[in-house]
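Since the structure comes first, as structure tokens, the remarks are kept for the end.
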Amino acid sequence: DTAVSQTPKYLVTQMGNDKSIKCEQNLGHDTMYWYKQDSKKFLKIMFSYNNKELIINETVPNRFSPKSPDKAHLNLHINSLELGDSAVYFCASSPDSGGGYTFGSGTRLTVV
Amino acid sequence: AQSVTQPDIHITVSEGASLELRCNYSYGATPYLFWYVQSPGQGLQLLLKYFSGDTLVQGIKGFEAEFKRSQSSFNLRKPSVHWSDAAEYFCAVGGGTASKLTFGTGTRLQVTL
């Protein structure tokens, strides 16, 4: 059973397109996150949702829009993709009890 | 603002040798500290975490880390490195419940046979 699953694993698309990445967790965690890992391996938080409510929104272009239909899902939609959006995007979740963060296996987005 | 510094970008050790990866953090309250490992093309796997209590924490794969509040450090150690330990290691700090993790820039570990 995969705890935090992301789809797709790889995504290659042209500039200007709109794409979505889906994330689901079956851990019963209350908070979900999106992190971006750039080409230098630096990991930075983008968004965080707690029980479907947005609680963290870092300085991210408004072309990026997270959506949480329920506590177990957090999707990331990206409009008008740019070359600089190429990165690996990680979904993660954590319980309100503070037990730690579980990461998905990542989605490698390549914009050409 | 919270931050993490991993001073070593790249470390090379021989198989069987001991390992210590350094991590210094800045956090305004009691920190929650983590070490993650990332193999090439893979996701992030949690090695160990510190929330409170005993300052020496044991993790998976034979790793341990020691929390030193006076030095704001959380260094990762392993007494004998295996070739399969070659990977990128990330230290992270957070505030616990529903708070963000701030990562260091990572240390790439290379293991020579």
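From first to last, the protein sequence lines stand for chains A and B.
For the first sequence, my numbering assigns the number 1 to the initial residue and increments by one for each residue that follows.
For the second sequence, my numbering assigns the number 1001 to the initial residue and increments by one for each residue that follows.
C-beta atoms are modelled at their ideal positions from N, C-alpha and C, and glycine is treated no differently.
Worksheet item: Does the beta carbon of residue 1068 of chain B sit closer than 7 Å to a beta carbon anywhere in chain A?
Response: Taking the first residue of the second sequence as position 1, residue 1068 of chain B is located at position 68. Closer than 7 Å: no.
Worksheet item: Per DSSP, what kind of secondary structure is residue 70 of chain A in: helix, strand or coil?
Response: In the first sequence, residue 70 of chain A corresponds to position 70, counting from 1. Reduced to three states, the DSSP call for residue 70 of chain A is strand.
Worksheet item: Closest to residue 1045 of chain B by CA distance: which of A/39, A/108, A/110 and A/90 is it?
Response: To locate residue 1045 of chain B, count along the second sequence from 1; it is residue 45. Considering only alpha carbons, the answer is A/90.
Worksheet item: Under 7 Å between the Cβ atoms of residue 116 of chain A and residue 87 of chain A?
Response: In the structure displayed, chain A extends from 1 to 112; residue 116 of chain A sits before or after that span and is not available.
Worksheet entry | Near-chain B residues of the stretch 21–37 of chain A - C-beta to any C-beta below 9 Å | Considering only beta carbons, the part of the stretch 21–37 of chain A lying closer than 9 Å to chain B consists of 30, 31, 33, 35 and 37, in chain order.
Worksheet entry | For residue 1062 of chain B and residue 18 of chain A, the rounded distance between their alpha carbons | Here residue 18 of chain A corresponds to residue number 18 of the first sequence, with the count starting at 1. Here residue 1062 of chain B corresponds to residue number 62 of the second sequence, with the count starting at 1. If you take the alpha carbons of residue 18 of chain A and residue 1062 of chain B, they lie about 44 Å apart.
Worksheet item: By how many angstroms is the C-alpha of residue 34 of chain A removed from the C-alpha of residue 1091 of chain B?
Response: The count along the second sequence starts at 1 and reaches residue 1091 of chain B at position 91. The count along the first sequence starts at 1 and reaches residue 34 of chain A at position 34. If I take the Cα positions, the gap works out to 18 Å.
Fill in: Proximal residues to residue 1161 of chain B (C-beta, below 7 Å), its chain only, five neighbours per side dropped
Past the boundaries of the shown model lies residue 1161 of chain B; chain B is included only from 1001 to 1113, so the question cannot be answered.
Practice prompt. Quick one: using the 10 Å Cβ neighbour count with 16 as the cut-off for buried, is residue 10 of chain A buried or exposed?
Written response: Within the first sequence, residue 10 of chain A is the residue found at index 10, counting from 1. The residue is exposed, with fewer than 16 neighbouring Cβ atoms inside 10 Å.
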